[in-house]
Amino acid sequence: MEFFVTIEQFEGPLDLMLHLIKEKELDLFDLDINILTQQYVEYIHAMEQMKLDIASEYLLELATLIEYKSKKLLPNEAAELDDNYQQQQEVDLVNRLIEYKKFKEVSIKLDDLYQERNLKFDKPQSEIVNQWIDINENYESTSAYELIKAMNRCLKRFQLSQPYEVNITQKRISIEDRKKQLKINIKKFNEVFALSNTMYDCRDLYEVVITFLAILDLVNENVLSFTIKDDEVYFKKV
Amino acid sequence: MNDLRPIIEGILFVSGDEGVSLSQLSEVLVINEDSLVELMDSYMTDYNSDESKGLEMLCYGKRYKLVTKAIAHSYCQKLFEETSGKQFSQAALETLAIIAYKQPVTRVEIEEIRGVSCDMMIRKLLARNLIKEVGRLDTIGKPFLYEVTEDFMDTFSLTSLSELPELPEYQTVSEEGELFY
Amino acid sequence: MNDLRPIIEGILFVSGDEGVSLSQLSEVLVINEDSLVELMDSYMTDYNSDESKGLEMLCYGKRYKLVTKAIAHSYCQKLFEETSGKQFSQAALETLAIIAYKQPVTRVEIEEIRGVSCDMMIRKLLARNLIKEVGRLDTIGKPFLYEVTEDFMDTFSLTSLSELPELPEYQTVSEEGELFY
Chain A
167 MEFFVTIEQF EGPLDLMLHL IKEKELDLFD LDINILTQQY VEYIHAMEQM KLDIASEYLL
227 ELATLIEYKS KKLLPNEAAE LDDNYQQQQE VDLVNRLIEY KKFKEVSIKL DDLYQERNLK
287 FDKPQSEIVN QWIDINENYE STSAYELIKA MNRCLKRFQL SQPYEVNITQ KRISIEDRKK
347 QLKINIKKFN EVFALSNTMY DCRDLYEVVI TFLAILDLVN ENVLSFTIKD DEVYFKKV
Chain B
159 MNDLRPIIEG ILFVSGDEGV SLSQLSEVLV INEDSLVELM DSYMTDYNSD ESKGLEMLCY
219 GKRYKLVTKA IAHSYCQKLF EETSGKQFSQ AALETLAIIA YKQPVTRVEI EEIRGVSCDM
279 MIRKLLARNL IKEVGRLDTI GKPFLYEVTE DFMDTFSLTS LSELPELPEY QTVSEEGELF
339 Y
Chain C
159 MNDLRPIIEG ILFVSGDEGV SLSQLSEVLV INEDSLVELM DSYMTDYNSD ESKGLEMLCY
219 GKRYKLVTKA IAHSYCQKLF EETSGKQFSQ AALETLAIIA YKQPVTRVEI EEIRGVSCDM
279 MIRKLLARNL IKEVGRLDTI GKPFLYEVTE DFMDTFSLTS LSELPELPEY QTVSEEGELF
339 Y
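Protein chains in written order, with the numbering used here: chain A, 167 to 404; chain B, 159 to 339; chain C, 159 to 339.
Here it is as structure tokens:
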């Protein structure tokens, strides 16, 4: 027998049982617990053979089911009371499965609501509010959860404010584009300007290199001429 | 009364993600809560049906706040690297659902329904301010009772808990093996 | 082009106090800056002459942002003075939270996380004895290091910082689609 679903995909023994019931096309409302028990035992054993860690909750449920099954197999000499106990156990399990199934289903609807809400953004409280709050009063004792709420707000905002400009630098300007920028920039410069002037808006080494290459290109195209004095390179618009 | 509308919009804007409670609004606008609810209802209807607006008014619990409409979502995401990929796990959703429908409820009751331990999950949900402790049950061990918070309602677009999706009705089985509703 | 207006309003709303630069808007909306300036000019004129609105659009430098109109200011002021009198302001809570979770920490580190200047707030919290200076960091400018005080622990009913609620794990900006928990 092959199992394609691993135990990590279940939210617990009840979830696993619901899966087995569905997969084996059993009727939850007229459940043959013998079949379910057999399926469950096989599944857990298969998982054990795959050396998967199985949480104690699954094993607890397994023990209960095996107890149930073994009692059924015993010759029916036991008292009638035991019979009632049997039935009660069966009813309890089915009711637990039904109750769990309800919440499992409704949680999917909750998730839909969340996805919908998730498309709408909040904005942080305006900073101006700080000016209005007099914090020199005695503070009421406050729950520590207020702190985590505040921390959450910060972290969320921190992520929101990750400057967009960072992305732009990551796009990496090309030499051609840098040349266009430089042509605009140097209009504002004096007739003669230093190499360092052309680098004023560079934010990292990459941009410095690109700028230098662009400058070389402009010299090559006779847009600029250059001269070296002391340790600085000076350019002149042609 | 319509001249209050711009003032209300301004207040909601400044308050941001915290929103403003009905009682706070009623106090600063010097208007009783019943009239204010009426005013807010009609304002909200007008506000949210105005297609020229990029904002939407939400009411959750008894708080109001402004949020962007869904149409702006993809643009804002582009701009802010928003992490709206964040999702709730199935376990978190189940736990929240049980608390929302059964509140106030103890950890043990939640665990009985889910069939697994929920200790860690409850602590995470507390930390996310989606649930809160609302006292203790007067029984052995005095276990905490949990309820969902206003943040929960906001997170799941609920004006009140009565708006929760209906819980599916299944017949449960009685001890005699008969079905009952 | 008018269908861009609600989207622009949404973007300006989300960007809050910071506002959005012309170049950011132009990139996100995929519209060249010249056309955008025209669009924004007419939108702003319409927006700011609409008396039913409580918000106003500002343009300074090449940034746009939304603010509350002056008529709502006195109400907002009343709201935050009266109803949050004895409670911590969001700003105070945020600053305290950062210090408690990250201590010892410098002002600059706090400001990086909060995204706003915290100088005044730190002075207020020092004055209220909720935080204290615990030395200086051995770096340029030798900035002060801050930690929370006993009074802080009292106020938040903590016996030790290890009792602070666990911080939910946040994804870094680049990760997407991961589970909350």
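The beta-carbon is built from N, C-alpha and C at its ideal position, and this holds for glycine as well.
No experiment lies behind these values; they were computed from the predicted model shown.
Check, Outcome
"Taking C-beta pairs closer than 9 Å, name the residues in chain C that L213/B reaches, listed in chain order.", "P164, E167, G168, F171 and L213"
"For Q261/B, which three-state DSSP category applies?", "coil"
"Provide the residue(s) that pair with F401/A in DSSP beta bridges, ordered along the chain.", "F359/A and F392/A"
"Taking Cβ-Cβ distances shorter than 9 Å, what residues in chain C pair up with M216/A?", "Correct list: empty, because the minimum Cβ distance to chain C is about 23 Å."
"When the Cα atoms are used, what is the spatial distance from E285/A to S247/C?", "Glu is not the amino acid found at residue 285/A; the sequence shown has Leu there. Going by the C-alpha atoms only, they are around 28 Å apart."
"Is there a Cβ from chain C that is less than 7 Å from the Cβ of A228/B?", "no"
"Please list the partners that Q182/C has in chain B, where partner means a Cβ-to-Cβ separation under 9 Å.", "L237"
"With N287/B and Y280/A assumed to form a contact (beta carbons below 8 Å), what rounded beta-carbon distance in angstroms separates them?", "About 15 Å; that fails the 8 Å criterion."
"Where does E331/A sit, in a helix, a strand or coil, going by DSSP?", "Annotation note: pLDDT 40 at E331/A (below 50); position unreliable, coordinate value reported separately. Note: E331/A maps to helix in three-state DSSP."
"Count the other C-beta atoms from every protein chain shown that fall within 10 angstroms of the C-beta of Y372/A, then say buried if there are 16 or more, exposed otherwise.", "exposed"
"Give a yes or no on whether 7 Å exceeds the smallest Cβ distance from V225/B to chain A.", "yes"
"Report yes or no: is there a C-beta of chain C within less than 7 Å of the C-beta of P326/B?", "no"
"Count the other C-beta atoms from every protein chain shown that fall within 10 angstroms of the C-beta of V274/C, then say buried if there are 16 or more, exposed otherwise.", "buried"
"Which residues bound the alpha helix (DSSP H) around I199/A?", "I199 to Q215"
"Residues of chain A with CB closer than 8 Å to the CB of M197/B, please, in chain order.", "Note on identity: in this sequence residue 197/B is Leu, with Met being the wrong assignment. Those do not exist, as L197/B stays about 23 Å from chain A at its closest Cβ, beyond 8 Å."
"Restricting to Cα atoms, I'd like to know which of D161/B, V306/B, D199/B and D175/B is closest to E254/B.", "According to the sequence provided, residue 254/B is Leu. The question's Glu does not apply to it. The shortest C-alpha separation from L254/B is found at V306/B."
"Please confirm if the region 252-272 of chain A is in contact with the region 200-210 of chain B, defined as three or more CB-CB distances below 8 Å between the two stretches.", "no"
"Within 7 Å of any Cβ in chain A, is that where the Cβ of N287/B sits?", "yes"
"Does the beta carbon of C320/A come closer than 7 Å to any beta carbon on chain C?", "yes"
"Please classify A285/B: is it buried, with 16 or more other beta-carbons within 10 angstroms of its beta-carbon, or exposed?", "buried"
"Where does L225/A land, buried or exposed, given buried means 16+ other C-beta within 10 angstroms?", "exposed"
"So which residues on chain A does R272/C lean against when the C-beta distance must stay under 7 Å?", "C320"
"For L213/C, which of G219/B, K220/B and L224/B has the nearest alpha-carbon?", "L224/B"
"Where E291/B and A258/B are concerned, what is the direct C-alpha to C-alpha distance, given to the nearest angstrom?", "13 Å"
"My guess is that E398/A and L361/A are in contact by the Cβ rule of under 8 Å, so how many angstroms apart are they, rounded?", "7 Å"
"What is the DSSP secondary structure of K227/C, counted as helix, strand or coil?", "coil"
"Relative to the C-alpha of D277/B, which residue among L295/B, K260/B and F302/B is closest?", "F302/B"
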